[in-house]
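K.L.:
Before we start, here is the structure in question, set down as C-alpha cells.
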Amino acid sequence: DYISSKSTLIWEEIGEVDENYAPIHTYQVCRVMEQNQNNWLHTNWILTEGAQRVFIELKFTLRDCNSLPGGVGTCKETFNMYYYETNDRALKESRYIKIDTIAADESFTELDLGDRVMKLNTEVRDLGPLTRKGFYLAFQDLGACIALVSVRVFYKRCPFLVKSLAEFPGTIPGSEASQLVEVVGRCVNNSLPLYEPPRMHCSTEGEWLVPIGKCVCQPGFEEINGSCQVCKVGFYRSLLESLACSKCPPHSVARQTGATACSCEDGFYKIESDPPNMACTRPPSGPRNAISNVNETSVFLEWSIPMETGGRKDVRYNILCRRVLPDGRGLEECGPNVRFLPRRVGLSNTSVMVADLQSHTNYSFLLEAVNGVSELAKDHTKQYVTLNVTTNQAGTSHPDLLQSAAGLPTPTAITVNHYTHFVTTPFHFPDVRARTSAGYGAFSRRFEFQTSPYCEYIGGTQIGGATHDPLGGIASVSSIDARVCFFSAVKFPGVRTYIDPLTYEDPNQAVHEFAQEIDVSFISIERIIGAGEFGEVCSGPLRLPGKREIQVAIKTLKAGYTEQQRRDFLWEASIMGQFNHPNIIRLEGVVTKSKPVMIITEYMENGSLDTFLKKNDGQFTVIQLVGMLRGIASGMRYLSDMGYVHRDLAARNILVNSNLVCKVSDFGLSRVLEDDPEAAYTTRGGKIPIRWTAPEAIAYRKFTSASDVWSYGIVMWEVMSYGERPYWEMSNQDVIKAVEESYRLPGPMDCPEALYHLMMDCWQRERSNRPKFDEIVCLLDKLIRNPSSLKKLRSPFVTLHLCSSCGVENIVSYQTVGEWLDSIKMGRYTELFMEGGYSSLETVAQMTSEDLRRVGVNLAGHQKKIITSIQEMRVHMNNTNSAVNI
C-alpha cells in the first residue's frame with residue numbers, strides 16, 4: 001500500500017484481482033536480456049507512529065535464471081532493499097542505506113508458468129533503531145526477473161492487559177532486540193498494590209514477561225472472578241493480606257456494605273491492639289471464692305477467677321486495702337508502709353501476700369477483676385469481693401521473704417521444692433513460696449517463659465551475691481543445682497516475628513492459633529497427585545461458605561498414626577500458617593476434628609520446580625528463569641525478616657503455579673528427617689541434605705539465614721541447569737571434602753556470567769561475606785531491568801580442578817564425545833556422531849554447520865547449541881594446547 005505509481009523506474013505496475021476479486025497491484029521487472037540493469041522502486045513516506053523497531057514482510061516471485069532461453073549470463077536471482085529515514089516527506093535518493101540482499105527460497109521456471117503455478121516467497125526483515133518520524137523503503141533490481149506482490153510494514157507491541165487486578169497499557173517495545181521495557185501497572189477496580197507496585201516487562205516480540213508484584217482488593221472489598229466486589233452487610237475486610245470478606249466476629253455487626261471493620265454491640269468493646277477478627281468483649285465479673293489466711297501481721301489472700309471473664313484472656317486483679325478506724329469512725333486507706341507481694345494492682349495470679357500490717361488491727365480488702373476493656377466500659381458497675389480480717393501479734397523485725405515467680409524489687413532468697421532443673425527453652429519456672437518469721441505462704445502458680453540459648457551453670461554456690469531474675473527482679477541464689485538461662489531476645493511492638501510451635505506445651509494450641517479449622521464437608525478429594533512423608537497428597541475443590549470455590553492441595557495423615565506422628569504432621573501447618581507472602585505457599589487451613597487429618601494449601605499446577613524444569617528443558621528465556629529466581633529470593637527475604645531459617649531450601653521444595661510464580665514450601669526440616677533420601681548424611685542432631693547445605697551447618701549445625709543463602713546459590717544452579725543434580729553422582733562424603741577444599745560447582749551451560757558470580761558470592765566460606773536476601777532481590781531486579789547484562793555467558797569448559805583426590809576432576813572433565821554431548825544434553829546424537837566418523841573430541845572441534853546436517857542434526861535450535869559448544873571447545877583447546885580434560 002505504500003508504493004506510489006510515480007515512484008518507479010522501469011518497474012511495471014500490473015493491476016490484478018485476488019481470490020476475492022479485490023483489486024491488487026504488483027510491480028514487476030524482467031530486463032534480463034539487457035546489460036547493466038539498475039532499476040529502482042520506492043515507497044511513499046511511512047510514519048513510524050513512535051515505533052523504534054519495525055518489521056518488513058515481502059512477498060514476491062522470482063524466476064530461475066537457468067530456465068530462461070539461451071541461459072542469459074547477466075541474470076540475477078536476488079534484489080536489494082534499502083531505507084531512508086527522515087522527519088519530513090523530502091526524499092533524497094542518494095542517502096538510502098542498504099538493509100539486506102533478498103534471495104528467493106523458491107524460484108519458478110517456464111514449466112511452472114505453463115501450469116500457472118507461481119511459487120510465492122515470503123521474507124521478513126527488521127529495521128531499527130529508528131529515531132525519526134518516518135522513512136522510505138526502496139527496492140533495487142540489478143537484472144532479475146521478479147514480481148513484488150506485497151510489502152507489509154508493521155511493528156509489534158505488547159497489548160493492553162489486565163492481570164492480577166492491575167492494568168497495563170499497550171506498550172511499544174524498545175529498539176534493542178534483547179531490551180525489555182518495564183511498565184508499572186495501575187491497580188483497577190477498587191484495588192491497591194500489595195507489598196510493591198505491580199510491574200511487567202514488554203519484550204521486543206510484543207510479549208509481556210516477568211510479572212512482579214500484584215494488586216489486591218482494598219479493604220471493604222474482596223476478589224471474586226477477577227474483580228473486586230464490595231463486602232456484604234454483616235461482613236468486613238480490613239487487611240490487604242486477607243483474601244476474602246469475613247463474617248463479623250461475635251458481638252459485633254457491620255450494618256453497611258463495604259465495611260472495613262465491625263462495630264461492637266452495646267455493652268461490648270474492643271481496644272486498638274485487638275485483631276479485627278477478635279470478638280467484642282466486656283469487663284469481667286467479680287472474683288469468686290475469696291479466702292484469707294492471717295499469720296500474725298501478714299495476710300495471704302487467695303481467690304478464684306471470675307465466672308465471666310468477658311471473653312478475654314488479659315484478666316488482672318487489683319487490691320484495695322483499708323484499715324478500720326477505732327470506735328467505728330470509718331475506714332482509711334492503708335499507708336505506704338504496707339507491702340503487697342508481688343504488687344497491689346495488675347496481678348495476673350489469683351493470690352497476694354500483704355505484709356507489714358499493724359498488729360491487732362481490723363482491715364478490709366476489696367478485690368476487683370479487670371481486663372483490657374474495663375476502662376472503656378464507663379457505665380459498667382464494678383464488682384468487688386470484700387474480705388475483713390484482724391491481724392495477730394507481730395513477729396521479728398527482719399523477715400526473710402521468698403520472692404514469688406513474678407519478681408520483687410529487693411534481694412530475697414529462693415526455696416525450691418526439691419527440684420533440680422536443667423532449664424532450656426522454654427523456661428519452666430518452678431513453684432515457689434514466701435517464707436517469713438510468721439511462717440510459709442502458699443505456692444505460686446507455674447510460669448513459663450521464652451529464654452535465649454545463653455546459659456550459665458550453677459552448682460550449689462552463690463554467684464556474685466545476686467543474679468538477674470529472668471522476670472526483671474533480683475534473686476540472691478544459694479544451694480540451687482540448675483542451669484540458668486537469661487533473656488536476650490526482645491520483640492518490638494508492631495514487628496511480626498516467627499514463633500516456634502515447639503515452645504507450646506500443647507502442640508494443638510499452636511495449630512489452632514495459626515491455622516483455620518475447616519469443616520471436612522467443604523472439601524472434595526478428586527485425585528491423588530503424589531505421596532508425602534505421612535500419607536497421600538491429593539487435590540480437589542474447597543468450597544467455603546460465602547467464598548468462591550478454589551482448587552487446593554490436600555495432605556492427608558495415613559490411618560494408624562501415633563499421637564507423635566499427628567503432632568509432627570500438624571507441626572508444619574503451625575509454621576506455614578504464620579506466613580503471608582506471594583512467594584510463600586499459602587495455608588488454607590487444617591482438618592483436625594475428623595479423620596483423616598488434613599492440611600489444606602493452595603494448589604500449584606506445575607508441581608515442584610526441579611521436576612518442572614526437567615520436563616521443560618531449554619524452553620524458557622534467561623529472563624523467565626531470572627524471574628523465577630527473583631520470586632524465590634523475595635519469599636526467602638520475607639522468611640529472613642520474620643526470623644525463620646528454612647534449612648532445606650532446594651528446587652524440589654519450590655512449587656510453581658500456572659503463571660510460573662515460584663513459592664517456597666516444605667517447612668519441615670526442624671524435625672529429624674529419618675526418611676528423606678536426600679538427607680543421606682548423619683550429623684549430630686539428625687540428617688541433613690548435604691548437597692544444598694552450607695559447610696558450617698554440616699560441621700556445627702549452625703543454621704542461619706546465611707546458610708539459607710548458600711542453599712539459594714545451589715537452587716540458582718539447579719534452575720540454570722534445568723534441574724540437574726548438584727555435584728552429579730559424587731558421594732556425600734566427596735561433596736563435603738570437595739567443598740572443604742574450596743571446590744565450587746562450575747557454571748551451567750549458557751549461564752550468564754552475572755548469575756554465576758552471584759552463585760559464587762552465595763558460596764563464600766565466611767558466612768558474613770555472603771549477600772543478604774534483600775541484596776539478592778535488588779541485584780536480580782537490576783538484571784531484569786537491564787537484560788544486556790545477561791548476554792555475557794560463562795564457558796562451562798573453564799573449570800577449577802581443586803579436588804582430584806575426591807573424584808571431582810572426573811566429573812567435570814569430558815574424555816569422550818558421548819560425555820561431551822551428555823553434558824550439553826544432546827546425548828541423543830552420540831550414535832550419529834560415531835557413524836559419521838566423529839569419534840574423538842579433536843575431530844568434533846573441526847565440525848561445521850554443514851557437517852552437523854550431514855550426520856543428521858537437522859533441528860536449527862540443536863545445531864546452534866552444538867556449534868556454540870564446539871566454538872568454546874576450540875577456544876579451550878587453543879588456550880591449553882592440548883586435547884584433554886575438556
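Under the UniProt record's numbering, think of the first position of the sequence shown as 1, with each following residue one higher.
A virtual CB, placed ideally from N, CA and C, is assigned to each residue, including glycine.
1) Could you give the distance in angstroms between the alpha-carbon of K270 and the alpha-carbon of G546?
2) Could you compute how far the alpha carbon of K737 sits from the alpha carbon of W717?
3) Would you say the beta carbon of H201 comes nearer than 6 Å to a heavy atom of the ligand PLP?
4) Pull the bridge partners of K98 from the DSSP assignment, please.
5) If you run the structure through DSSP and keep just helix, strand and coil, what is E602?
6) What runs of the beta strand (DSSP E), each 3 residues or longer, lie entirely inside the segment 242-307?
7) Which residue or residues does DSSP assign as beta-bridge partners of K555?
8) Touch check for the segment 89-97 and the segment 174-187: three-plus C-beta pairs under 8 Å?
9) Let me know if A262 comes out buried or exposed under the rule of 16 or more other beta-carbons within 10 Å of its beta-carbon.
10) Less than 8 Å between the CB atoms is what I'm expecting for M604 and L655, so what's the real figure, rounded?
11) Considering only residues of the same chain and omitting the five flanking positions on each side of P250, which have a CB-CB separation below 6 Å?
12) Excluding sequence positions up to five away, which residues of its chain have a Cβ less than 6 Å from the Cβ of F221?
13) Under the assumption that S67 contacts T109 (Cβ atoms under 8 Å), give the Cβ distance between them as a whole number of angstroms.
14) Is it true that the segment 579-597 meets the segment 696-715, where meeting means three or more beta-carbon pairs spaced less than 8 Å apart?
15) How many angstroms separate the CA atom of L502 from the CA atom of E167?
16) Tell me the rounded alpha-carbon separation between P689 and S731.
17) Once DSSP output is grouped into helix, strand and coil, what is the label at Q764?
18) Where do the N-terminal and C-terminal ends of the beta strand (DSSP E) with A706 fall, by residue?
19) Note the first and the last residue of the continuous alpha helix (DSSP H) segment covering S823.
20) With DSSP run on the structure shown, which of helix, strand or coil describes K163?
21) Would you kindly work out how many angstroms separate the C-alpha atoms of A633 and G206, rounded to a whole number?
22) Tell me whether the beta-carbon of Q383 lies closer than 7 Å to the beta-carbon of S292.
23) When DSSP labels each residue in this structure, what does H757 get in the three-state scheme?
24) Looking at the strands, I want to know which residues DSSP matches up with F154.
25) Taking the alpha-carbon positions, what's the V537 to H201 distance?
26) Check whether the segment 588-601 and the segment 631-648 are in contact - that is, three or more C-beta pairs closer than 8 Å.
27) On the criterion of 16 or more Cβ atoms from any shown chain inside 10 Å, does I870 qualify as buried, or is it exposed?
28) Can you grab the Cα-Cα spacing for the pair G627 / I599, in whole Å?
29) Please report the Cβ distance between P297 and L239, rounded to the nearest whole angstrom; I am assuming they are in contact, meaning their Cβ atoms lie under 8 Å.
30) Should L783 and D750 be called a contact, given that it needs their Cβ atoms to be closer than 7 Å?
31) When DSSP labels each residue in this structure, what does L320 get in the three-state scheme?
32) If distances are taken between C-alpha atoms only, which option among R725, D774, V511, D734 comes closest to M642?
33) Check whether the segment 331-340 and the segment 299-314 are in contact - that is, three or more C-beta pairs closer than 8 Å.
34) DSSP on D327, reduced to helix/strand/coil?
35) Using 7 Å as the threshold, is the C-beta distance between A290 and V385 below it?
36) Return helix, strand or coil for H581, following the three-state DSSP convention.
P.N.:
Answer, in terms of the structure:
1) For the purposes of this step, residue 270 is identified with residue 270 of the sequence shown, where counting begins at 1. For the purposes of this step, residue 546 is identified with residue 546 of the sequence shown, where counting begins at 1. Each residue's Cα considered, the two are about 26 Å apart.
2) Along the sequence shown, read from residue 1 onward, the residue named residue 737 stands at position 737. Along the sequence shown, read from residue 1 onward, the residue named residue 717 stands at position 717. Each residue's Cα considered, the two are about 20 Å apart.
3) This structure simply doesn't include the ligand PLP, nor any ligand for that matter.
4) Indexing the sequence shown from 1 puts residue 98 at position 98. Per DSSP, Y82.
5) Working through the sequence shown from its first residue, we reach residue 602 at position 602. Strand at E602.
6) Listed in chain order, the beta strand (DSSP E) runs fully inside the segment 242-307 are 288-295, 298-304, counting runs of at least 3 residues.
7) For the purposes of this step, residue 555 is identified with residue 555 of the sequence shown, where counting begins at 1. DSSP lists V537, I599 as partners of K555.
8) Counting Cβ pairs under 8 Å, fewer than three are found: no touch.
9) Here residue 262 refers to the residue found at position 262 when the sequence shown is read from its first residue. Just to set this straight, residue 262 is Cys in the shown sequence, not Ala. Counting Cβ neighbours within 10 Å, C262 comes out buried, since at least 16 surround it.
10) Taking the first residue of the sequence shown as position 1, residue 604 is located at position 604. Taking the first residue of the sequence shown as position 1, residue 655 is located at position 655. In this structure M604 is in contact with L655, their Cβ atoms being roughly 4 Å apart against a cut-off of 8 Å.
11) For the purposes of this step, residue 250 is identified with residue 250 of the sequence shown, where counting begins at 1. Within the same chain, P250 has close Cβ partners A279.
12) Locating residue 221 in the sequence shown gives position 221, counting from the first residue. For F221, where only same-chain residues beyond five positions count, the Cβ hits under 6 Å are N190, C228, V230.
13) Residue mapping note: residue 67 aligns to position 67 of the sequence shown, counting from 1. Residue mapping note: residue 109 aligns to position 109 of the sequence shown, counting from 1. That belief holds up - the Cβ atoms of S67 and T109 are roughly 4 Å apart, short of 8 Å.
14) Touching, no, given that fewer than three Cβ pairs across the two stretches are closer than 8 Å.
15) In the sequence shown, the residue the question calls residue 502 occupies position 502. In the sequence shown, the residue the question calls residue 167 occupies position 167. Those two C-alpha atoms are separated by around 44 Å.
16) Here the question's residue 689 lines up with position 689 in the sequence shown. Here the question's residue 731 lines up with position 731 in the sequence shown. Each residue's Cα considered, the two are about 12 Å apart.
17) For the purposes of this step, residue 764 is taken as the residue at position 764 of the sequence shown. DSSP places Q764 in coil when its eight states are reduced to three.
18) In the sequence shown, counting from the first residue as 1, residue 706 sits at position 706. Per DSSP, A706 is not a residue of any beta strand (DSSP E); the alpha helix (DSSP H) it occupies stretches across 705-720.
19) Against the sequence shown, residue 823 aligns to sequence position 823. Per DSSP, the continuous alpha helix (DSSP H) segment holding S823 begins and ends at 817-823.
20) Here residue 163 corresponds to residue number 163 of the sequence shown, with the count starting at 1. It is a strand residue.
21) Taking the first residue of the sequence shown as position 1, residue 633 is located at position 633. Taking the first residue of the sequence shown as position 1, residue 206 is located at position 206. CA-CA distance, A633 to G206, rounds to 27 Å.
22) As a position in the sequence shown, residue 383 is number 383, starting the count at 1. As a position in the sequence shown, residue 292 is number 292, starting the count at 1. It is not a contact, given that the beta carbons lie outside the stated cut-off.
23) Locating residue 757 in the sequence shown gives position 757, where the first residue counts as 1. Annotated three-state conformation of H757 is helix, per DSSP.
24) Here residue 154 refers to the residue found at position 154 when the sequence shown is read from its first residue. DSSP lists F55 as partners of F154.
25) Walking along the sequence shown from the start, residue 537 turns up at place 537. Walking along the sequence shown from the start, residue 201 turns up at place 201. Going by C-alpha positions, V537 is about 36 Å away from H201.
26) Contact check between the segment 588-601 and the segment 631-648: fewer than three CB pairs, one atom from each, fall below 8 Å, which does not count as touching.
27) Residue mapping note: residue 870 aligns to position 870 of the sequence shown, counting from 1. Flag for I870 reads buried.
28) Position 627 of the sequence shown, counting from 1, holds the residue named residue 627. Position 599 of the sequence shown, counting from 1, holds the residue named residue 599. C-alpha separation (whole angstroms): 29 Å.
29) Walking along the sequence shown from the start, residue 297 turns up at place 297. Walking along the sequence shown from the start, residue 239 turns up at place 239. In the sequence as displayed, the identity of residue 297 is Thr instead of Pro. Not confirmed; about 55 Å, so no contact.
30) The sequence position of residue 783 within the sequence shown is 783, counting from 1. The sequence position of residue 750 within the sequence shown is 750, counting from 1. The answer is no: Cβ separation not under 7 Å.
31) Residue 320 sits at position 320 when you count from the first residue of the sequence shown. Three-state DSSP puts L320 in a strand.
32) Indexing the sequence shown from 1 puts residue 642 at position 642. Residue D774 is the option with its Cα nearest to M642.
33) No: the two stretches stay apart, fewer than three of their Cβ pairs being nearer than 8 Å.
34) In the sequence shown, counting from the first residue as 1, residue 327 sits at position 327. Of the three classes helix, strand and coil, the one that applies to D327 here is helix, per DSSP.
35) On the sequence shown, residue 290 is found 290 positions in, with the first residue counted as 1. On the sequence shown, residue 385 is found 385 positions in, with the first residue counted as 1. At the C-beta level, A290 and V385 come within 7 Å of one another.
36) Here residue 581 is taken as the residue at index 581 of the sequence shown, counted from 1. It is coil, neither helix nor strand.
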